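Numbered by my numbering, the letters in the sequence shown go through residues -18 to 477 in order.
Data first, discussion second: the structure below is written as structure tokens.
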Amino acid sequence: VVSVRCRRLLPFSLGPRHGGPAAASTVVCMPSSSSSSSPSPPSSPLARQSRGVWTAEGGYRPRRDDPHRRPELQLQEGAEARLRRGHPWIFPREVKNAKALSQLSPCLVNVLSEEGDVLGVALYNKHGSIAGRVLSEQAFVQIDADFFAERLRRCLAYRERLYREPFYRLAHGEADGLPGLAVDRYGDHLTLQPTAAGLDALLWPLLDALEEVVKPKVIVLRQDAPGRRKERAVVQREVLRGQYRGPTELRENGVTFAVDLLHGQKTGWYFDHRDHRARLAELASQTPRVLDLYSFVGGFGITMAHYGAEEVVCVDSSEAALELCSRAAAMNNVSSRVKTVRADVLEFLGGAPSRPPRTGMLPGTEDDDFDDAGTAGRISNTEGSVAEFGEFDLVIVDPPNLGSDRTYAPKAVRFYERLIHAASRVVAKRGLLFVASCTHHVGEVELLGAAGRALRWPGSERESRVVSCGSQAADHPSIPVLPESRYLRSILLQLD
């Protein structure tokens, strides 16, 4: 376990290529030892090469990328064919010279086939379950602000064709040619979330590109995704540009919400559910009583109330999220129809807690079997139970990510089975049950299987029919060769 000692540097001016105002003061994190107050000196010249965005030597900026001086990643036999088909990932077992690259990790590398052909440039990290993420299939392309600006212009043009208002995911990882990166846009505010450690050394040109293409007033950096711990990257949050005064307003499907970009879950909002919320909003007049489980800031519940639902109950374990939910209800003049309940969902439904509480971790960065299950069970007490409310015409079940590792899939499916069974007991006759999964290994087939079993438990059998199945919104595109990019699945059932 490596502890981290942080200190704050004074602002410094940007370099000639990156002209502009002085950067905001920045947290610098360095490994520290319990036996010494200062870090031990590096043991070799290679070890002195910092791969962070900034270092203890104030005013440092990573040197400009030189495509012809990059380290070379040599592929094992058989790995080349998949990359030539457009797959953007290189796995650790496919790296032939991992030992030679270990002291430079994380870094940019030129990817070489077994015959020595350059297949492109990738981000390399020896600690990741994905060792290499292909940035470009073009040989010796320079990764700088111009490179990122060109990619971001394509991202912006695509989103502007889809949406009239500037509230969307601007860049979505591999599908937008920016692997390991998510950028969400909230008008003139941006949240930047690099999940790949190799991107940390490229944040300066990336920020310059964002300023050139989007011209935001505020940029919030969220280096707190669960995967960063696995890649042994710095975990922190900060405001890189402007002053963030939060909460931030956004509009989606004609409804206004308030979100916290600095301290909220993920990047503050889940744009990937946009189409699901629009689909359910069409049914609002037919579903007067709605139960929104794992409601977060009320994305589903407030939308349903806005479009005609008469009574909405939003349940979440986060007090801060429910405060923003109540704020959104007031902003949309539906406060009289929305009630918030702070509770563990399964306890609220009358079952066992979702999981034992965990302490001592940065909120939103849980890294265990259920990576992102912060809203699933941080508390053991409840403010109420479902018995107080009776049955509902629509029950929405949208739990957080239950783990990215395939080995956790059976456990996640069993959790969904328990959850669907508990939720089905409060669905009125001929009512609707909406269930979503953002856990990749719990796809549509697994979700339907869990629902089929849960609805046939002895003593509580319910006949059902599938009304529709859904996926992530268009601002979260996927690519054909990467099934993992199609991560969000949903089913809408009618229960008799």
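All C-beta atoms, glycine included, are put in the ideal place defined by N, C-alpha and C.
Nothing here was measured: the structure is a model prediction, and the numbers come from that model.
Sequence-distant partners of V367 (beyond 5 residues in either direction) whose C-beta falls short of 7 Å from its own C-beta, in its chain, are F329, L330, G331, V407. Contact check for D169 against V122 fails: the beta carbons are separated by 8 Å or more.
Contiguous alpha helix (DSSP H) elements confined to the region 252 to 315 occur at 255 to 262, 280 to 287, 300 to 312, taking only those with 4 or more residues. Collapsing the DSSP output to three states places T248 in coil. Bounds of the beta strand (DSSP E) holding F238 are 236 to 240. A distance below 7 Å between beta-carbons, with the five flanking residues on each side excluded, links G101 to the following residues of its chain, in chain order: V92, V115, S117, E118, Q119, A120. Our two residues, T176 and E212, have alpha carbons roughly 9 Å apart in a direct line. K247 sits buried, since 16 or more C-beta atoms from the chains shown fall within 10 Å of its C-beta.
With a contact defined as Cβ atoms closer than 8 Å, G249 and D165 qualify at about 7 Å. Rounded to whole angstroms, the Cβ separation of A393 and D253 is 18 Å, and the two are not in contact under 8 Å. The C-alpha of R150 is placed about 11 Å away from the C-alpha of E141.
Runs of beta strand (DSSP E) with 3 or more residues, each lying fully within the region 76 to 159, are found at 88 to 93, 99 to 105, 113 to 117, 148 to 153, listed in chain order.
Beta-bridge partners of E53 (DSSP): N91. P69 and G289 have their C-alpha atoms some 44 Å from each other. Judged by DSSP secondary structure, I200 falls outside any alpha helix (DSSP H) and instead within the beta strand (DSSP E) spanning 199 to 204.
Assigned with DSSP and collapsed to three states, Y167 falls in strand.
For I401, the enclosing alpha helix (DSSP H) covers residues 390 to 405. Taking L85 as the centre and dropping the five residues before and after it, the same chain places the C-beta of P52 closer than 6 Å to its C-beta, in chain order.
For the 8 Å CB-CB criterion, D256 and G424 do not form a contact.
Sequence-distant Cβ neighbours of H421 in its own chain, meaning closer than 6 Å and more than five residues away, are E465, Y468.
Closest option to G245, judged by alpha-carbon separation, among P147, C306, S317: C306. The beta carbon of C295 sits closer than 6 Å to the beta carbons of D273, S276, G279, G282, C306, T321 from its chain, once the five residues preceding and following it are set aside; these are given in chain order.
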